[in-house]
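With the UniProt record's numbering, the residue at position 150 of the sequence shown is 150, and numbering never jumps.
Some notes on the structure that comes next.
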Amino acid sequence: MSKGLIYHKDGSFTRPDTDYRSFISREPGAEFPPEAGRYALYISPGCPWAHRTMIMRKLKGLEDIIELIQVHPYLGQDGWYFSGEMGSPPEDPLHPGFTTLKQLYLSNDPNFSGRYTVPLLWDKKTDRPVNNESSELIVMFATEFDGLIPEHLRESSKPDGGLYPANLKAEIDAINKTVYDTLNNGVYKVGFARSQESYEENIGPLFETLRELDTWLSKTPYLVGNGLTLADIRLYPTIARFDAAYNTAMLCTLDTIRGGNYPNLHRWLRRLFWNADKHGNAFYDTTAPWLHYYPGGYADSRRRIVFNADIPLIIPKAPDVEILIPKLEG
Ligand SMILES: N[C@@H](CCC(=O)N[C@@H](CS)C(=O)NCC(=O)O)C(=O)O
């Protein structure tokens, strides 16, 4: 049995630590060196943690270097599975016969008692997991494959210092921490709360951070420094889902991004989504095809996680994509 979220008596939960934490590294003699075609990234397109890694893979031009394997967009009884529908192959292309991610995790360790989560980076050469922690995967993707990609995509070619430059690291880490606590994971603390108290305790800080970020973005086009950094990439999947899924299916009801109270945050979202700043369509291409699945994906997860029951799935109606994110150019 996968250990899942750990619920407490007061209705709040703890997200267990991720299990596989090895690093791809360019250092000589590394256990997992960067190699074209050696690794596969398992994702579900609705998952915001997986979404970060999809953005980084695209942004860094790693599509021919790291294979992408997509599971069905909705969780099944046994967790993520391959369905032959909605972009998912009918079975794991690397392990014919496997139809669930659980089988993949257990193939490496039959006694594995963690969660069968995406994203998961798999080493095809030794047939075992490398890492399933998105915050670490995006750092590896940002830097460790630079020897294999065109020069203009390398961190050393970026005029503003790149995605995670040493001189901005402390500032990026500080923003990431607040964004994780109150937004990335905050929306789950609200939507997956199993008590009124826990829900109310977490919804306030969530909207407070949105307000702070909006004020901050009135002065600067990106969260940290003059260019796109890890901080923007970690915030984006949450904001892109906000109106479609968190406001509708996860009880983040106090306000929406598009409603007018967060104009700078909305502008930041639209600039990234519409590729106005020329990020190689990394944000649009990893979001637009899946926006319509977000409300259903979260309604389904909430049904399974909060109610733990096979009650009928009601998918909330979210406004049209074009209304959510009106086009913004340059
Ligand atoms: N800390 C992990 C969290 C990943 C995670 O929680 N993924 C969810 C989907 S959004 C998952 O795979 N859940 C499946 C399950 O719990 O069975 C990361 O950031 O990579």
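The beta-carbon is built from N, C-alpha and C at its ideal position, and this holds for glycine as well.
Option nearest L153 by Cα separation, candidates T286, T209, K278: K278
query: Do you know how far the Cα of V190 is from the Cα of E201?
result: 8 Å
field: Exposure of R15, with buried meaning 16 or more beta-carbon neighbours within 10 Å
entry: exposed
task: Please confirm if the stretch 17-24 is in contact with the stretch 119-134, defined as three or more CB-CB distances below 8 Å between the two stretches.
output: yes
Cβ-heavy atom distance, W122 to ligand 1, below 8 Å: no
field: Rounded separation between T99 and I315 - CA only
entry: 25 Å
- prompt: How should L223 be labelled, buried or exposed, when 16 other C-beta atoms within 10 angstroms of its C-beta is the threshold for buried?
  reply: buried
field: Inter-residue Cα distance where the pair is residue 391 and M54
entry: Outside the modelled stretch of the chain, which goes from 1 to 330, sits residue 391, for which no answer is possible.
task: Quick one: give me the first and last residue of the beta strand (DSSP E) that W274 is part of.
output: Where W274 is concerned, there is no enclosing beta strand (DSSP E), given that its DSSP letter is neither H nor E.
- prompt: For the beta strand (DSSP E) that contains Y284, what are its first and last residues?
  reply: Per DSSP, Y284 belongs to no beta strand (DSSP E); it is in the alpha helix (DSSP H), 282-287.
query: If you check the beta carbons only, do residue 386 and R57 fall under 9 Å apart?
result: Since the first residue of the chain shown is 1 and the last is 330, residue 386 is not available in this structure.
query: Can you name the residues that DSSP bridges to Q70?
result: I43
message: For R26 and F145, what's the separation of their Cα atoms in angstroms?
response: 8 Å
task: Using alpha carbons as the reference points, say which of R258, M250, Y262, L183 lies closest to R303.
output: M250
query: Tell me, which residues are paired with D123 by DSSP?
result: Y39, R128
Own chain partners of R234 with C-beta closer than 8 Å, once the 5 adjacent residues on each side are dropped: R52, S135, I138, N176, V179, Y180, N184
- request: Compute every distance between the C-beta of R302 and the non-hydrogen atoms of ligand 1, then say whether any falls below 8 Å.
  value: no
Three CB pairs or more closer than 8 Å across the stretch 32-46 and the stretch 72-90: yes
field: Status (buried if at least 16 other CB within 10 Å, exposed otherwise) for I323
entry: exposed
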